[in-house]
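> Counting from 1 along the sequence shown, just add 177 to a position and that's the residue number in my numbering.
Where is the CB? At the ideal position from N, CA and C, for every residue including glycine.
If you scroll down you'll find the structure; I have some questions about it.
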Amino acid sequence: MDDKKRVLSGIQPTGIFTIGNYFGAIKNWVSMQDEYLCNYMIADMHSITVKQDPVVLKNNVLSSLALSLACGIDIKKSNIFIQSHISEHAELCWVLSSFSQFGELSRMTQFKDKSENNKENINAALFTYPILQTADILLYNANLVPVGADQKQHIELSRNIAIRFNGIYGDIFTIPEAFMNIGQAKIMSLSDPIKKMSKSDKNQNGFIGILEEKDSIIKKIKKSVTDSEGIVYFGEGKDGINNLIDIYSSIMDKTREDIQQEFEGKGYGNFKLKVGEVLADYLEPIRIKYNSLINDRSYLEECYKTGALYARKIATETLKKIYDKVGFIGR
Ligand code: TYM
178 MDDKKRVLSG IQPTGIFTIG NYFGAIKNWV SMQDEYLCNY MIADMHSITV KQDPVVLKNN
238 VLSSLALSLA CGIDIKKSNI FIQSHISEHA ELCWVLSSFS QFGELSRMTQ FKDKSENNKE
298 NINAALFTYP ILQTADILLY NANLVPVGAD QKQHIELSRN IAIRFNGIYG DIFTIPEAFM
358 NIGQAKIMSL SDPIKKMSKS DKNQNGFIGI LEEKDSIIKK IKKSVTDSEG IVYFGEGKDG
418 INNLIDIYSS IMDKTREDIQ QEFEGKGYGN FKLKVGEVLA DYLEPIRIKY NSLINDRSYL
478 EECYKTGALY ARKIATETLK KIYDKVGFIG R
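Quick look at the structure:
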């Protein structure tokens, strides 16, 4: 086997991607491509835990693929595929379900939040969702999983399930680790900066989509909630400003201290305008690339078909090993 470390991550194809998805996860997906063997997936099987319109979901899967490519996923370096194309995800999920405890699943904060916000449809898959996520990761022997902070608990669970399985059957699974950047792992809502930025936020001013136009981006940043101190620095009680500093820092590759110096004596108006402008300029090439890719259906099809071929090869091999270990007779 190649001695490069392996990476797996996924994103749900539900509606738009926000700059939270981008700075928290996809930017790392892109930067990890040169150093690691990367598998990225559009997690459509995860999406159906919340009610979906099938026509919309199909479109969202394709647009998520196009957007991932537009953000810089290069199919010459990484493998990108659609989760439901690889049936081994569901099969390994079933095996791992026997090694996952009700109690530990009940402690998942995302399950608690999602069932709180989705009272009419607290389905079984919403509960077992982290086992499917574990199967996603373990199938590809991933060492590293680039995600935002909200997924940390799920990755801890994946580690525990893998360690438990290995404790019974020997050294089978690679024990995965979450990969995050300090500062960008949790991009906060612009309208309520103690909450995570989320595409499902009812307040449109709370989030910025990767494909948003310049005017809208600048307007939202200008409107973003901050404190009244008027001095740009990273500090306690300055959640709104801290968030903007982290976004600016990620784009400009500057430290928090550099940014504090740059805006010394300049006030929030000036800072917000600059953040809005650099963010809009930064996202523009992604939007242009996306617009050309989304109309090239045959190219997208070629990408996900090639992706599935590679992914299936790895997944089949892992699952075969696991089936043998647990005592299933080979096909
Ligand atoms: P999803 O689709 O909710 O989000 C995709 C990625 O974006 C990150 N993210 C954020 N990061 C920083 N700040 C934010 N405000 C923010 N919002 C979202 C998420 O942490 C995530 O990394 N269950 C996963 C998808 C998945 C997966 C996997 C991930 C399925 N299988 C296996 C890793 C490995 C999810 O719903 O992500």
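Quick check: the Cα distance between T351 and K254, rounded to an integer number of angstroms?
As a first step, residue 351 must be located in the sequence shown, where it is residue number 174. As a first step, residue 254 must be located in the sequence shown, where it is residue number 77. Near 22 Å, if we compare the C-alpha coordinates of K254 and T351.
> Restricting to Cα atoms, I'd like to know which of K291, E390, K415 and G360 is closest to N468.
The residue you call residue 468 lines up with position 291 of the sequence shown. Measuring from the Cα of N468, the nearest candidate turns out to be E390.
> Taking C-alpha atoms, which residue in I424, I371, N472 and S186 lies nearest to H331?
Here residue 331 refers to the residue found at position 154 when the sequence shown is read from its first residue. Residue S186 is the option with its Cα nearest to H331.
> What residues are listed by DSSP as bridge partners for N300?
Here the question's residue 300 lines up with position 123 in the sequence shown. Partner(s): none; N300 has no beta bridge.
> Within 10 angstroms of the Cβ of L273, are there 16 or more other Cβ atoms? Answer buried if so, exposed if not.
Within the sequence shown, the letter at position 96 stands for residue 273. Classification of L273: buried, given that the 10 Å Cβ count is 16 or more.
> What do you reckon, are the CB atoms on G201 and S375 nearer than 9 Å?
For this step, residue 201 is matched to residue 24 along the sequence shown. For this step, residue 375 is matched to residue 198 along the sequence shown. No, Cβ-Cβ distance for G201 and S375 is not below 9 Å.
> Does any heavy atom of ligand 1 sit closer than 8 Å to the C-beta of T195?
Start at 1 with the first residue of the sequence shown, and residue 195 comes out as number 18. At least one heavy atom of ligand 1 is nearer than 8 Å to the Cβ of T195, so yes.
> Check G128 in the structure and name its three-state DSSP category.
Limits of the chain in this structure are 178 at one end and 508 at the other, which puts residue 128 out of reach.
> Which residue comes first and which comes last in the alpha helix (DSSP H) that contains F342?
As a working mapping, residue 342 is identified with position 165 in the sequence shown. Its alpha helix (DSSP H) spans residues K329 to Y346.
> At what residues does the alpha helix (DSSP H) containing Y467 begin and finish?
Looking up residue 467 in the sequence shown gives position 290. Run containing Y467: G444 to L470, per the alpha helix (DSSP H) assignment.
> What residue range is occupied by the uninterrupted alpha helix (DSSP H) comprising F288?
As a working mapping, residue 288 is identified with position 111 in the sequence shown. Segment T286 to E293, the alpha helix (DSSP H) holding F288.
> Any idea what DSSP makes of Y217, helix, strand or coil?
Taking the sequence shown and counting its residues from 1, one reaches residue 217 at position 40. Correct three-state label for Y217: strand.
> Could you check if Y217 is buried or exposed, using at least 16 other CB atoms within 10 Å of its CB as the buried criterion?
As a position in the sequence shown, residue 217 is number 40, starting the count at 1. It counts as buried.
> In this structure, does DSSP put A355 in helix, strand or coil?
Looking up residue 355 in the sequence shown gives position 178. Correct three-state label for A355: strand.
> Whose C-alpha, out of E212, F194, S335 and A267, is nearest the C-alpha of M222?
Translated into positions along the sequence shown, residue 222 becomes position 45. Here the closest residue by C-alpha is A267.
> Residue range of the beta strand (DSSP E) that L185 falls in?
Taking the sequence shown and counting its residues from 1, one reaches residue 185 at position 8. R183 to I188 is the span of the beta strand (DSSP E), which, as asked, contains L185.
> On the three-state DSSP scale, how would you describe N236?
Here residue 236 is taken as the residue at index 59 of the sequence shown, counted from 1. Helix at N236.
> Alpha carbon to alpha carbon, how far is K329 from K497? Give it in angstroms, no decimals.
Mapped onto the sequence shown, residue 497 falls at position 320. Mapped onto the sequence shown, residue 329 falls at position 152. Taking the straight line joining both Cα atoms gives about 28 Å.
> Let's see if you can read the secondary structure: which residues bound the beta strand (DSSP E) around F258?
Numbered from its first residue, the sequence shown carries residue 258 at position 81. N256 to I259 is the span of the beta strand (DSSP E), which, as asked, contains F258.
> Just to confirm, are R183 and A319 a CB contact at a threshold of 9 Å?
Counted from its first residue, the sequence shown places residue 183 at position 6. Counted from its first residue, the sequence shown places residue 319 at position 142. Result yes, Cβ atoms of R183 and A319 sit closer than 9 Å.
> Just to check, is the beta-carbon of M209 closer than 8 Å to a non-hydrogen atom of ligand 1?
Position 32 of the sequence shown, counting from 1, holds the residue named residue 209. No - ligand 1 has no heavy atom lying nearer than 8 Å to the Cβ of M209.
> Would you call the region 449-467 and the region 224-238 in contact, with 3 or more CB pairs under 8 Å?
Cβ pair count under 8 Å is below three, so no.
> Does the Cβ-Cβ distance between I259 and L246 come in under 9 Å?
Position 82 of the sequence shown, counted from the start, is the residue given in the question as residue 259. Position 69 of the sequence shown, counted from the start, is the residue given in the question as residue 246. Result no, Cβ atoms of I259 and L246 do not sit closer than 9 Å.
> If you draw a straight line from the C-alpha of F384 to the C-alpha of N237, how long is it?
The count along the sequence shown starts at 1 and reaches residue 384 at position 207. The count along the sequence shown starts at 1 and reaches residue 237 at position 60. Roughly 18 Å between the two C-alpha positions.
> Using beta-carbon positions only, say whether M365 and V324 come within less than 9 Å of one another.
Counted from its first residue, the sequence shown places residue 365 at position 188. Counted from its first residue, the sequence shown places residue 324 at position 147. Not in contact: M365 and V324 (Cβ atoms no closer than 9 Å).
> For K373, count the other beta carbons within 10 Å of its own beta carbon; 16 or more makes it buried, fewer makes it exposed. Which is it?
Residue numbering aside, residue 373 sits at position 196 when the sequence shown is read from its first letter. Label assigned to K373: buried.
> Assuming K443 and V402 are in contact, meaning their beta carbons sit under 8 Å apart, how far apart are those beta carbons, in whole angstroms?
Numbered from its first residue, the sequence shown carries residue 443 at position 266. Numbered from its first residue, the sequence shown carries residue 402 at position 225. Wrong, their Cβ atoms sit about 19 Å apart, outside the cutoff.
> Mind checking which residues open and close the alpha helix (DSSP H) that includes L421?
By one-based count along the sequence shown, residue 421 stands at place 244. Unbroken alpha helix (DSSP H) run through L421: D416 to M429.
> Using the three-state DSSP reduction, which class does M209 fall into: helix, strand or coil?
If you number the sequence shown from 1, residue 209 lands on position 32. In the structure shown, M209 sits in coil (DSSP, three-state: anything other than H, G, I, E or B).
> For M222, does the three-state DSSP call read helix, strand or coil?
The residue given as residue 222 occupies position 45 in the sequence shown. Looking at M222 - three-state DSSP - the assignment turns out to be helix.
> Would you check whether ligand 1 has a heavy atom nearer than 8 Å to the C-beta of A327?
The residue labelled residue 327 in the question sits at position 150 within the sequence shown. Checking the displayed sequence, the identity of residue 327 turns out to be Asp instead of Ala. Yes, the Cβ of D327 comes within 8 Å of a heavy atom of ligand 1.
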